[in-house]
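*Asks:*
2 protein chains.
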Amino acid sequence: MAEPSTARSLKRSSSPRKAATVEGDIDTSYLETLTGYNARRAALTIISVFLERMAQYELRPVDFSVLSLIAHNPGITSRQLCGALDILPPNLVGMLRVLETRGVIEKREHPTDRRAQGLHLSAAGKKLYTKAQRTASQLELDTLSDLSPQERETLHSLLRRVYRPTRGPAASDQTM
Amino acid sequence: MAEPSTARSLKRSSSPRKAATVEGDIDTSYLETLTGYNARRAALTIISVFLERMAQYELRPVDFSVLSLIAHNPGITSRQLCGALDILPPNLVGMLRVLETRGVIEKREHPTDRRAQGLHLSAAGKKLYTKAQRTASQLELDTLSDLSPQERETLHSLLRRVYRPTRGPAASDQTM
DNA sequence: TATTGTTATACTCTATAACTATA
DNA sequence: TATAGTTATAGAGTATAACAATA
Numbered sequence: 007m008a009e010p011s012t013a014r015s016l017k018r019s020s021s022p023r024k025a026a027t028v029e030g031d032i033d034t035s036y037l038e039t040l041t042g043y044n045a046r047r048a049a050l051t052i053i054s055v056f057l058e059r060m061a062q063y064e065l066r067p068v069d070f071s072v073l074s075l076i077a078h079n080p081g082i083t084s085r086q087l088c089g090a091l092d093i094l095p096p097n098l099v100g101m102l103r104v105l106e107t108r109g110v111i112e113k114r115e116h117p118t119d120r121r122a123q124g125l126h127l128s129a130a131g132k133k134l135y136t137k138a139q140r141t142a143s144q145l146e147l148d149t150l151s152d153l154s155p156q157e158r159e160t161l162h163s164l165l166r167r168v169y170r171p172t173r174g175p176a177a178s179d180q181t182m
Numbered sequence: 007m008a009e010p011s012t013a014r015s016l017k018r019s020s021s022p023r024k025a026a027t028v029e030g031d032i033d034t035s036y037l038e039t040l041t042g043y044n045a046r047r048a049a050l051t052i053i054s055v056f057l058e059r060m061a062q063y064e065l066r067p068v069d070f071s072v073l074s075l076i077a078h079n080p081g082i083t084s085r086q087l088c089g090a091l092d093i094l095p096p097n098l099v100g101m102l103r104v105l106e107t108r109g110v111i112e113k114r115e116h117p118t119d120r121r122a123q124g125l126h127l128s129a130a131g132k133k134l135y136t137k138a139q140r141t142a143s144q145l146e147l148d149t150l151s152d153l154s155p156q157e158r159e160t161l162h163s164l165l166r167r168v169y170r171p172t173r174g175p176a177a178s179d180q181t182m
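Here the protein sequences come in this chain order: D and S. If you read the first sequence in my numbering, its first letter stands for residue 7, the second for the next number, and so on. If you read the second sequence in my numbering, its first letter stands for residue 7, the second for the next number, and so on.
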């Protein structure tokens with residue numbers, strides 16, 4: 007058993023960008039030409055705020071993602087969660103067990119496949135997720151307050167095109 | 007001692023987006039409204055390619071970032087690296103030791119502070135970094151081939167505004 | 001034979017406390 | 001007293017191999 011208890015610590019300092027030593031003197035211009043560097047820095051910045059505000063629900067980003075997909079896809083299976091969130095099956099087991107122990111989710115028998123199990127939010131889980139989603143949406147507004155709604159949409163669109171390559175029209179692998 | 011050897015494994019599967027099970031059936035639309043989610047997914051996608059292509063140099067993303075900052079900021083100190091890259095000092099020690107053992111970097115005495123030490127690339131380090139940077143820049147072109155140069159610049163600009171909040175004009179904390 | 005969920009486990013990443021030498 | 005670099009170590013995150021039950 008890998009999980010010590012139901013409630014996890016969730017602590018993390020997250021270092022809110024303190025310019026203790028000099029930092030403006032350092033030339034980071036080349037790294038800033040790399041999308042991976044910029045995307046990772048941006049993600050970590052937002053995640054640090056996410057951790058703070060979601061601590062009240064004892065939800066890490068991955069827990070919230072799992073609940074969100076279950077909420078919007080009732081009956082989703084463990085494997086489907088893994089595929090959608092890029093989590094390895096062994097690493098999901100413990101998370102689901104904790105969420106089930108907390109009474110947030112329920113495992114029901116799959117309608118057609120007796121190996122699988124459909125995942126659902128409990129009544130308490132729905133209440134928790136509703137509050138958590140509101141917090142997440144508010145966090146989005148707060149951390150991206152420097153960007154206009156249109157800039158935010160542009161950012162999301164561009165990011166999606168990075169991690170979910172355009173399989174759309176004008177593709178190169180068409181049969182004729 | 008935390009490092010087992012000079013050369014590290016660098017192995018990682020990185021799962022190149024295989025749609026093994028269904029995945030298009032899963033509704034991820036809410037998560038995709040969250041910048042943190044999108045930024046993290048994009049970063050992980052690029053980093054997985056980065057890991058593959060940088061394996062020949064035995065450099066992880068963090069190693070490359072360290073070398074890049076030393077290359078462009080000769081004499082930079084350990085603390086400055088930590089500040090610029092958001093790495094905790096204890097976690098940098100091992101990386102620098104490995105790079106020094108590999109003959110890639112050199113530690114020299116700091117000109118004014120005898121506690122600190124200036125970091126520099128060795129001749130071999132400069133050759134290695136030059137090749138690595140070329141690989142990184144090519145990777146940027148390849149992984150972002152769906153985006154025009156202008157879209158790429160827009161993406162970088164927006165990401166920087168997320169992780170490095172605009173401290174510029176029209177700020178709210180002015181004295182008058 | 002392949003897939004779902006699972007256990008056990010190893011490895012990597014990230015964080016804290018505490019020490020020394022110097023400022 | 002505070003800071004730079006370091007050690008030791010704990011905790012969280014990510015990976016592989018292998019198994020039973022079912023498809």
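Built from N, CA and C at the ideal position, the CB exists for glycine as well.
1. Check this for me: beta carbons of residue 83 of chain D and residue 123 of chain D, under 8 Å apart or not?
2. Tell me which residues of the stretch 40-54 of chain S have at least one Cβ-Cβ distance to chain D shorter than 8 Å, keeping chain order.
3. Given that residue 84 of chain S touches chain D, what residues does it touch there, using C-beta distances under 9 Å?
4. Near residue 113 of chain S, which residues of its chain fall below 7 Å by C-beta distance, leaving aside the five closest residues on each side in sequence?
5. Once DSSP output is grouped into helix, strand and coil, what is the label at residue 126 of chain S?
6. Can you tell me whether DSSP reads residue 64 of chain D as helix, strand or coil?
7. To the nearest angstrom, how far is it from the Cα of residue 128 of chain D to the Cα of residue 110 of chain D?
8. Would you please verify whether the beta carbon of residue 58 of chain S is less than 8 Å from any beta carbon of chain D?
9. Run down chain D in chain order and give the residues with a C-beta less than 9 Å from the C-beta of residue 79 of chain S.
10. Excluding the 5 residues flanking residue 149 of chain D on each side, which residues of the same chain have their C-beta closer than 8 Å to its C-beta?
11. Is there at least one Cβ from chain S nearer than 8 Å to residue 167 of chain D's Cβ?
12. Judging by CA-CA distance, which residue of D:36, D:31 and D:49 is the nearest neighbour of residue 167 of chain S?
13. Nearest to residue 118 of chain S by CA position, among S:98, S:81, S:87 and S:62, is which residue?
14. Shortest alpha-carbon distance to residue 104 of chain D belongs to which of D:138, D:66 and D:38?
15. Leaving aside the five residues before and after residue 37 of chain S along the sequence, list all residues of the same chain whose C-beta is less than 7 Å from its C-beta, in chain order.
16. Keeping to the same chain, check which residues put their C-beta closer than 8 Å to that of residue 98 of chain D; ignore five residues upstream and five downstream.
17. Can you have a look at residue 121 of chain S and say buried or exposed, based on whether 16 or more other CB atoms are within 10 angstroms of its CB?
18. Below 8 Å on C-beta distance, what does residue 162 of chain D contact in chain S?
19. Output the residue ranges of the beta strand (DSSP E) runs that lie fully inside the stretch 101-177 of chain S and measure 3 residues or longer, sorted by chain position.
20. List, in chain order, every chain D residue whose beta-carbon is nearer than 7 Å to that of residue 74 of chain S.
21. Between residue 171 of chain S and chain D, is any beta-carbon pair separated by less than 8 Å?
22. Can you check whether the CB of residue 34 of chain D is closer than 8 Å to the CB of residue 102 of chain S?
23. In chain S, which residues lie with their C-beta within 8 Å of the C-beta of residue 150 of chain D?
24. Which bits of chain S does residue 153 of chain D rub up against, with CB to CB less than 8 Å?
25. Less than 8 Å between the CB atoms is what I'm expecting for residue 193 of chain S and residue 77 of chain D, so what's the real figure, rounded?
26. Cα separation between residue 93 of chain S and residue 131 of chain D?
*Replies:* Quick look at the numbers:
1. yes
2. 40, 41, 42, 43, 44, 45, 46, 47, 48, 49, 50, 51, 52 and 53
3. The premise fails here: residue 84 of chain S is roughly 10 Å from chain D at the closest Cβ pair, so nothing lies under 9 Å.
4. 106, 123 and 125
5. strand
6. coil
7. 5 Å
8. no
9. 31, 32, 33 and 34
10. 51, 52 and 55
11. yes
12. D:49
13. S:81
14. D:66
15. 43
16. 72, 84, 87 and 88
17. exposed
18. 38, 39, 41 and 44
19. 111-115 and 123-127
20. 36 and 37
21. yes
22. no
23. 41 and 168
24. 164, 167 and 168
25. A question about residue 193 of chain S goes unanswered here, because the residues of chain S that appear run from 7 up to 182.
26. 36 Å
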